[in-house]
Structure formats: structure tokens, C-alpha cells
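Trainee: What follows is a structure written as C-alpha cells; I'll ask about it next.
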Amino acid sequence: MSLPFASVLGQMLAAWATLPLQLGGLLETQLGQLLVAVVAIGVVVLVGRIVLKVAWRLVTIAVVIIALLFLLSTLGINVL
0 MSLPFASVLG QMLAAWATLP LQLGGLLETQ LGQLLVAVVA IGVVVLVGRI
50 VLKVAWRLVT IAVVIIALLF LLSTLGINVL
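Every letter in the sequence shown is one number past the one before it in numbering that gives the first Met the number 0, and letter 36, counting from 1, is 35.
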């Protein structure tokens, strides 16, 4: 009774492919343009949050490594 996964996936892709045709008049109105702009800003913010999350992890790792190297050099152990 259930459709195979490939068939369902094909139907979903076909629906996504026709979406721009269904929304053809979206950019003709000011509200449509505003909606597209707000969605674009939302995507930029979402991607920015992900990038900043990774960047903060890298900064934290760098601070810990440099603090350990500083502590070891203060104790007279030359690592580098």
C-alpha cells in the first residue's frame, strides 16, 4: 500500500520544482518583496549564528592552548 521512498522523493522534488511557477507574482507587490527580503535576512542570520558558533569554539580552544603554553613557559618548561 505504501509508496516506495524513491517515488515519494520524486513527487516531492517535482513539487519543489514547480514552486517558483506557483509563486510567480510574489515579487510584483511590495509585500511580496518585503517577505522575500525578510526571509533572506533570516537565512543570513541563521547561517551567521552557525558560523559564529564554530568561530567561538575555535577562539575558546585557542585561548586554552595559549594559556597552557604561557603557564608552561612561566614554569620554565620550553615547549616551542
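Where is the CB? At the ideal position from N, CA and C, for every residue including glycine.
Small disclaimer: the values here were computed from a predicted structure and weren't measured.
(1) Could you tell me the distance, in whole angstroms, from the CA atom of residue 26 to the CA atom of residue 40?
(2) In this structure, how does DSSP classify residue 28 when only helix, strand and coil are distinguished?
(3) Using the Cα positions of residue 44 and residue 56, report the straight-line distance between them to the nearest angstrom.
(4) Determine the DSSP secondary structure at residue 58, reduced to helix, strand or coil.
(5) What is the rounded straight-line gap between the Cα of residue 60 and the Cα of residue 24?
(6) Within this structure, are the beta carbons of residue 78 and residue 68 separated by less than 8 Å?
Mentor: With the given structure in hand:
(1) Residue numbering aside, residue 26 sits at position 27 when the sequence shown is read from its first letter. Residue numbering aside, residue 40 sits at position 41 when the sequence shown is read from its first letter. For residue 26 and residue 40, the distance between alpha carbons rounds to 16 Å.
(2) Locating residue 28 in the sequence shown gives position 29, where the first residue counts as 1. Coil at residue 28, not helix or strand.
(3) As a position in the sequence shown, residue 44 is number 45, starting the count at 1. As a position in the sequence shown, residue 56 is number 57, starting the count at 1. Cα to Cα, residue 44 sits roughly 18 Å from residue 56.
(4) For the purposes of this step, residue 58 is identified with residue 59 of the sequence shown, where counting begins at 1. Note: residue 58 maps to helix in three-state DSSP.
(5) What you label residue 60 is simply residue 61 of the sequence shown in a count that begins at 1. What you label residue 24 is simply residue 25 of the sequence shown in a count that begins at 1. Those two C-alpha atoms are separated by around 49 Å.
(6) Looking up residue 78 in the sequence shown gives position 79. Looking up residue 68 in the sequence shown gives position 69. A contact, by the Cβ cut-off of 8 Å.
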